[in-house]
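In the numbering used here, the protein residues as written are 43 to 265.
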Ligand SMILES: C[S@@+](CC[C@H](N)C(=O)[O-])C[C@H]1O[C@@H](n2cnc3c(N)ncnc32)[C@H](O)[C@@H]1O
């Protein structure tokens, strides 16, 4: 099935609100568990970058996992960051998480580099996927833990519809539509491997971690 890109930014207020109130507990707790599996429980990054942070659920989970770390969370959608601000305040984590209204690949961040760079469900939004990989190259140094999760594109429209029925059955229509569009906009594992090769990031490991998610992880190698 051909890729069908969707708009990059999620800057519609209703869409941002619905996404921020969706239940991602299973998927997002699994993401944190994968990070610990790969980088070990002794990993203690003091500066983390969350790219395409949306309502900051992933940033909040990392802030709780590493209470001494500072997190720069980046998103280009104003309404999504409003949701993020409310959630961070509610969690009392303003001292750990800073929000940045900026778009990849041209973002200017406070740190020159980070010990960990994480991103969930951003890649499939990007019209040019190299926006993500060049940003990572810019803000990583040898040893940086890189951890990128996303959907991968099913082979057929029927498979995409099955996934929406299986995982979003009880969700509001706006979320079901977003999930469907995201599956069609996602890259295949082979396409992501080509992106990594082009970016000189072939040292990272690409693995499927569910029937719809892939993970790219590893440490930036010295060059
Ligand atoms: C599906 S959401 C994922 C949010 C969050 N990472 C999570 O896992 O819940 C993707 C986010 O990426 C943002 N985004 C898309 N393209 C972007 C770009 N070029 N620069 C910055 N943010 C972008 C969107 O606005 C949206 O908030």
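For every residue, glycine included, the Cβ atom is placed at its ideal position computed from N, Cα and C.
Starting from residue i, trace the beta strand (DSSP E) in both directions and tell me its first and last residue.
i: residue 194; result: Segment: none, residue 194 is in no beta strand (DSSP E) and carries neither H nor E.
i: residue 249; result: 247 to 250
i: residue 255; result: 255 to 261
Indicate whether residue i and residue j have their beta-carbon atoms separated by less than 8 Å.
i: residue 116; j: residue 135; result: no
i: residue 109; j: residue 129; result: no
i: residue 146; j: residue 114; result: no
i: residue 248; j: residue 256; result: yes
i: residue 44; j: residue 168; result: no
i: residue 181; j: residue 143; result: no
i: residue 251; j: residue 76; result: yes
i: residue 83; j: residue 125; result: no
i: residue 80; j: residue 191; result: no
i: residue 210; j: residue 217; result: yes
Is the beta carbon of residue i within less than 7 Å of some heavy atom of ligand 3?
i: residue 119; result: What this structure holds is ligand 1, not ligand 3.
Taking the alpha-carbon positions, what's the residue i to residue j distance?
i: residue 87; j: residue 174; result: 21 Å
i: residue 123; j: residue 170; result: 22 Å
i: residue 111; j: residue 189; result: 16 Å
i: residue 176; j: residue 239; result: 12 Å
i: residue 196; j: residue 226; result: 8 Å
i: residue 161; j: residue 89; result: 14 Å
i: residue 193; j: residue 137; result: 31 Å
i: residue 243; j: residue 219; result: 33 Å
i: residue 95; j: residue 264; result: 27 Å
i: residue 64; j: residue 208; result: 15 Å
i: residue 215; j: residue 185; result: 42 Å
i: residue 157; j: residue 178; result: 11 Å
i: residue 48; j: residue 222; result: 10 Å
i: residue 159; j: residue 187; result: 6 Å
i: residue 163; j: residue 102; result: 16 Å
i: residue 120; j: residue 148; result: 16 Å
i: residue 183; j: residue 155; result: 6 Å
i: residue 172; j: residue 258; result: 14 Å
i: residue 107; j: residue 237; result: 30 Å
i: residue 140; j: residue 61; result: 20 Å
i: residue 206; j: residue 241; result: 32 Å
i: residue 104; j: residue 203; result: 32 Å
i: residue 56; j: residue 213; result: 14 Å
i: residue 118; j: residue 201; result: 31 Å
i: residue 254; j: residue 229; result: 11 Å
In the DSSP assignment, find the unbroken alpha helix (DSSP H) run with residue i in it and report its ends.
i: residue 239; result: 231 to 241
i: residue 60; result: 55 to 63
i: residue 225; result: 215 to 227
i: residue 173; result: 172 to 181
I want to see whether chain C comes within less than 8 Å of residue i, judged by CB atoms only; does it?
i: residue 47; result: Looking at the structure shown, chain C is missing, and only one protein chain is on hand.
Contiguous alpha helix (DSSP H) assignments of at least 4 residues, all confined to the segment 74 to 157
99 to 107 and 120 to 133
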